[in-house]
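These notes concern the structure reproduced below.
There are 2 protein chains.
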Amino acid sequence: MELSERKKKILRAVVESYIQTAEPVGSKALAELAGVKVSSATIRNELAELTELGYLEQPHTSAGRVPSPQGYRLYVNELMEEQRLSLEETKQINEALHLKMRELDKVIDQAGRMVSQLTNYPAFALTEGARRLTIRRFDLILVDEASFIAVVMTDSSVVKNKLFRLPAQLSEPQLQLLTTLLNTAFVGKTLDQLTPELMRVAEHAAGSSYGLISLVVSFAMEVLDALESGAVYTAGTSHILDHPEYQDVGKAQKLMSYLTEDRSLAQALALPALEGDDTKILIGPENVADELKDTSVVLASYDIGDGMKGVIGVVGPTRMDYAKVAAKLSYVADGLSKLFGQPELPPGTPEKEE
Amino acid sequence: MELSERKKKILRAVVESYIQTAEPVGSKALAELAGVKVSSATIRNELAELTELGYLEQPHTSAGRVPSPQGYRLYVNELMEEQRLSLEETKQINEALHLKMRELDKVIDQAGRMVSQLTNYPAFALTEGARRLTIRRFDLILVDEASFIAVVMTDSSVVKNKLFRLPAQLSEPQLQLLTTLLNTAFVGKTLDQLTPELMRVAEHAAGSSYGLISLVVSFAMEVLDALESGAVYTAGTSHILDHPEYQDVGKAQKLMSYLTEDRSLAQALALPALEGDDTKILIGPENVADELKDTSVVLASYDIGDGMKGVIGVVGPTRMDYAKVAAKLSYVADGLSKLFGQPELPPGTPEKEE
DNA sequence: ATTAGCACTCAGGAATGATGAGTGCTAAAC
DNA sequence: GTTTAGCACTCATCATTCCTGAGTGCTAAT
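Protein sequences appear in the order of chains V and E. Just so we're aligned, residue 1 is where the first sequence starts under our numbering, counting upward by one. Just so we're aligned, residue 355 is where the second sequence starts under our numbering, counting upward by one.
Structure representation (structure tokens):
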């Protein structure tokens, strides 16, 4: 059954007032708030029906009304107006995104922090490494006679490095040899193709080199593994305490440790976002994770390139400013997609003067 | 005036009981707890004197006693027994330290998390980049015809990389040229020696290369700057809520946002640790920062090599298990120092089998 | 269909009182 | 002189009670 126009107006007023004040909304207040010229008594009748229909709830008999998850859902789907970001806000976001160094994981992490700061809710960001990755290239750089740095680049253009210190001398030509060896034997292999046998063979070809091949390849494997299993970053968990629904320390603590510690689950929660649309809103019980049954999650996905995706999201009480959060989040997600997809240069212009 | 042996015993018992239970300690309980065979009345007299002397405090007339900051100080300086870590604990720490990839900042961050988890207090870790750094070497790696990765290594052997995408084609020889150019012109220069003029000159020598020199050098400058100004990592802030002194959400929130947001101050607080000994304990009002006036901080410093130091620390209520925390913290700090100072290999043995 | 009016409900805060842990002091005991 | 038993006193904490006011649902009039 479709709700009457008036009921919608009232529902919307309830949601928006409650989002702002966190106080149950009464009929009298609504008579003024909602753009409806009727008395509080009429509103009461309407409220009673909306409650009947499951869109509103009453904390106790003599209190005002509060939106139910179903009410929020309707609000989000039909009643909510798309929020436009102010020019200043977009500017701020853009700057923050471009300022940061472009190391994949740093950017993601930073984006999470930014979103949290922007919305005043805890935020998380993660990359889903759905794909099977391979190493595209090895480089070994001599640091001094007893140490070198291995730089590996994956076919997703992520670069990682590690410093190795040796108990013995090493020369530039030796390192060259190792490099070519690594590049011929291990490039283009997926994680499970990097077998111990393969390593033994290469080790043999390298001759007396202290098992360096294995060391570097192990490092490469760690890198692949880390990337394929993705990463989760959370930021701004302390914002939980900003909201009156978490004045109860016990509750706050539960949610907080779920967000900071339970990384595997934090990941699981974001899966819904990877299928389907850009932004997704999960309200209270719509969440799979028990710990989130009375919180809402707003998610936006972004492209990393190479068909890989990531998710950035915000967690908060069901009484969340969905319009604002969704707008900001999807703006940031878009920004991320662009950042990963576009060329660096406005050429010729030095980026920064300092 | 030196305290009598009995007073010391009593003070110690008060501190340790209060650390455990967070409840004011009464004379009766102490009569049993402290290894002193006197009645509660005698204890009461002693307590009164200890209070007089400023080592204890009384929350209100009919409550037991609680250690004052001065009391904790005495406890830490004279009464506390050095805690030995169990074999299991040391093993756990060692493993965790060695497991992680050896990228400087990752290790530090991880160490912070570890400490927090180990102690159940929020922890932070930071590196102090006191020194003026220079770039030791540039490498440019071609990714595809329109992008390359710049790898810069500082003289402190930190390696950072960044992907550059170009609006135009680029060839391997061009890149080679750029690389040598970069390495001859900019290696060994400190941040303020990397002047715009220098960049212009090099740019000119490079010919038509879209201002690539500037781009890469700007990146290098960012890296130097970031390293010199150090970095702060905080972890486990949610542990604040574990402790009854922060049942008051307002308090918890203040401390938490101080720890997570106020990075400059978090850095300032750690300066004391860089001078002097290995471990340092700051109790309540001994802290400079206002926000920490009723918390304690335990700090340990570690060597990164090249004369550079870092600090790792733990924040908690003054009622903190100083003995345990100090032991764990300094063990981790030592581990870090070793990690940075020692060669990688037990050679020949592949580290991991997976 | 709307509204005024009224009785009713119930959370939240203030006021009150009982409880008990713990103290300080005094006077006796060692 | 030190220790201890005893006792009056203090004060946070908790439970109880009472009051107030916001907000409701229902009825009857418009």
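Glycine included, every Cβ here is placed at the ideal spot set by N, Cα and C.
Quick check on the burial criterion: 16 or more other C-beta atoms within 10 angstroms. Buried or exposed for residue i?
i, result
"Pro-421(E)", "buried"
"Val-15(V)", "buried"
"Gly-250(V)", "exposed"
"Glu-203(V)", "buried"
"Asn-161(V)", "buried"
"Arg-538(E)", "One detail in the question is off: residue 538(E) reads as Thr in this sequence, not Arg. Exposed is the call here."
"Gly-307(V)", "exposed"
"Val-686(E)", "buried"
"Pro-521(E)", "exposed"
"Thr-237(V)", "buried"
"Asp-493(E)", "buried"
"Leu-329(V)", "buried"
"Thr-61(V)", "exposed"
"Pro-378(E)", "buried"
"Ala-34(V)", "buried"
"Gln-464(E)", "buried"
"Leu-646(E)", "buried"
"Ser-371(E)", "buried"
"Ser-39(V)", "exposed"
"Leu-441(E)", "exposed"
"Asp-579(E)", "exposed"
Excluding the 5 residues flanking residue i on each side, which residues of the same chain have their C-beta closer than 6 Å to its C-beta?
i, result
"Ile-304(V)", "Gly-310 and Phe-340"
"Thr-674(E)", "Here residue 674(E) turns out to be Met, not Thr, going by the sequence shown. Result list for Met-674(E): Ser-650, in chain order."
"Thr-279(V)", "Ala-300, Ala-326 and Ser-330"
Could you name the residues of the same chain whose beta carbon sits closer than 7 Å to that of residue i, not counting the 5 residues immediately before and after it, in chain order?
i, result
"Arg-360(E)", "Val-390 and Glu-400"
"Gln-424(E)", "Gly-408 and Tyr-409"
"Lys-692(E)", "none"
"Gly-689(E)", "Ile-447, Asn-448 and Leu-451"
"Val-571(E)", "Phe-540, Leu-548 and Met-553"
"Thr-672(E)", "Pro-423, Tyr-426, Ile-637, Gly-638, Asp-648, Thr-649 and Ser-650"
"Asp-155(V)", "Leu-133, Thr-134 and Arg-136"
"Arg-12(V)", "Tyr-75 and Leu-79"
"Gly-211(V)", "Glu-203"
"Gln-523(E)", "Glu-499 and Ala-500"
Name the DSSP beta bridge partners of residue i, please?
i, result
"Ser-501(E)", "Asp-498(E) and Arg-519(E)"
"Asp-139(V)", "Val-151(V)"
"Glu-128(V)", "Lys-309(V)"
"Lys-514(E)", "Val-506(E)"
"Tyr-656(E)", "Gly-664(E)"
"Thr-415(E)", "Its beta-bridge partners do not exist; DSSP assigns none."
"Ser-650(E)", "Gly-670(E)"
"Leu-636(E)", "Val-651(E)"
"Tyr-587(E)", "Ala-479(E)"
"Leu-410(E)", "Pro-421(E)"
"Thr-134(V)", "Thr-190(V)"
"Val-76(V)", "According to DSSP, Val-76(V) bridges with nothing at all."
"Val-25(V)", "Arg-65(V)"
Flag residue i as yes when its Cβ comes closer than 6 Å to any non-hydrogen atom of the ligand GTP, and as no otherwise.
i, result
"Arg-200(V)", "Absence of the ligand GTP is noted for the structure shown, with no ligands found whatsoever."
If we call anything under 7 Å between Cβ atoms a contact, is residue i one with residue j?
i, j, result
"Ile-149(V)", "Val-651(E)", "no"
"Val-115(V)", "Tyr-322(V)", "no"
"Gly-313(V)", "Leu-299(V)", "yes"
"Leu-569(E)", "Glu-526(E)", "no"
"Pro-244(V)", "Ala-63(V)", "no"
"Gln-437(E)", "Lys-678(E)", "yes"
"Ala-235(V)", "Arg-44(V)", "no"
"Met-256(V)", "Ile-281(V)", "no"
"Leu-384(E)", "Pro-476(E)", "no"
"Val-461(E)", "Val-506(E)", "no"
"Ser-358(E)", "Leu-163(V)", "no"
"Asn-120(V)", "Asp-248(V)", "no"
For residue i, which residues of its own chain have a beta-carbon under 8 Å away from its beta-carbon, when the five flanking residues on both sides are left out?
i, result
"Thr-355(V)", "In this structure chain V extends from 1 to 354, so residue 355(V) is not present and cannot be described."
"Leu-181(V)", "Ala-202, Ala-205, Ala-206 and Ile-213"
"Ile-10(V)", "Leu-30, Ala-34, Val-36, Ile-43, Glu-46, Leu-47 and Leu-50"
When the Cβ atoms of the stretch 123-143 of chain V are set against those of the stretch 227-240 of chain V, are three or more pairs found closer than 8 Å?
Short answer: they touch.
Specify whether the stretch 89-96 of chain V and the stretch 182-202 of chain V touch according to this definition: at least 3 beta carbon pairs, one from each stretch, less than 8 Å apart.
The stretch 89-96 of chain V makes no contact with the stretch 182-202 of chain V: fewer than 3 CB pairs, one atom from each, lie closer than 8 Å.
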